[in-house]
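Encoded as structure tokens, the structure appears first; notes follow it.
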Amino acid sequence: MEQVNNVMDILTKLETIENGWMDVEKNVYKNVEKGFKKKYVLSNPEEVLKNKVGTCFDIVELERNYFKGLGIKFNTFFMIYYEGKKVYTHTFVVYEENEKFYWFEHAWTKDKGVHEFMSLFDLLTCVREKFTKYNNIKFMDADYLCVYKYKKPKFHIGLKDFYKHCENGENVII
């Protein structure tokens, strides 16, 4: 995997990655809806680069590799909201530099980039607001929104196992 020299290099490397996913048989899809819940598996960073597709879950793992290479202190976060039988999720990277917090976003096209905050609380509050708008959630009950700081998962796990992995991370209160 190619090295990066700074955070902006990571954004540049991700420009060729589109929204999509890989299944257990390594078939690649650009439509996230059809068959996704049953067939999705978490791609490793090399597969994301090769296939040029990924969900936020896959892309965060590629970002994890790049951030590790830079030696910057960072964490990965999983946001999940339960609304009846519907489940809304998002993963993203947060890094710290010069006593500030930065939300690194690639998967949400409208918010692609690096966003600076004075505190982790402010950052997570902002992402929560955008999460609500992005998923068109009209009346969010905060009791059903959870945020977890999670460690590197195993690759090629299914969606339910990925959720379980993230939900076993550190619960973060906003």
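In our numbering, the protein residues as written are 539 to 712. For every residue, glycine included, the Cβ atom is placed at its ideal position computed from N, Cα and C.
- Your pair residue 642 and residue 594 does not check out as a contact, with CB atoms roughly 11 angstroms apart and the cut at 8 angstroms.
- Where residue 703 is concerned, the enclosing alpha helix (DSSP H) starts and stops at 697 to 705.
- Around the C-beta of residue 657, fewer than 16 other C-beta atoms lie within 10 Å, and the residue is accordingly described as exposed.
- Membership of residue 605 in the alpha helix (DSSP H) is indicated by the continuous run 594 to 608.
- Contact check for residue 662 against residue 615 passes: the beta carbons are separated by less than 9 angstroms.
- Residues of the same chain with a CB within less than 6 angstroms of the CB of residue 627, apart from the 5 flanking positions on each side, are 618 in chain order.
- Shown here, residue 548 sits in a helix according to DSSP, grouped into three states.
- Non-local C-beta neighbours of residue 634 in its own chain, meaning closer than 7 angstroms and more than five positions away in sequence, comprise 611, ordered along the chain.
- Residue 700 and residue 636 have their C-alpha atoms roughly 32 angstroms apart.
- Cβ-Cβ distances below 7 angstroms link residue 650 to 643 and 644 in the same chain, with the five nearest sequence neighbours on each side left out; the list follows chain order.
- For residue 682, there is no enclosing beta strand (DSSP E), as DSSP marks it with neither H nor E.
- When the Cα atoms are used, residue 548 and residue 570 turn out to be separated by approximately 24 angstroms.
- Assignment of residue 614 by DSSP, reduced to helix, strand and coil, places it in the strand class.
- Here the C-alpha atom of residue 682 lies approximately 16 angstroms from the C-alpha atom of residue 708.
- With respect to the 9 angstroms criterion, residue 694 and residue 562 are classified as neighbours on the basis of their beta carbons.
- Checking the DSSP bridge columns, you'll see residue 574 has no partner listed.
- Secondary structure of residue 630 (DSSP, three-state): strand.
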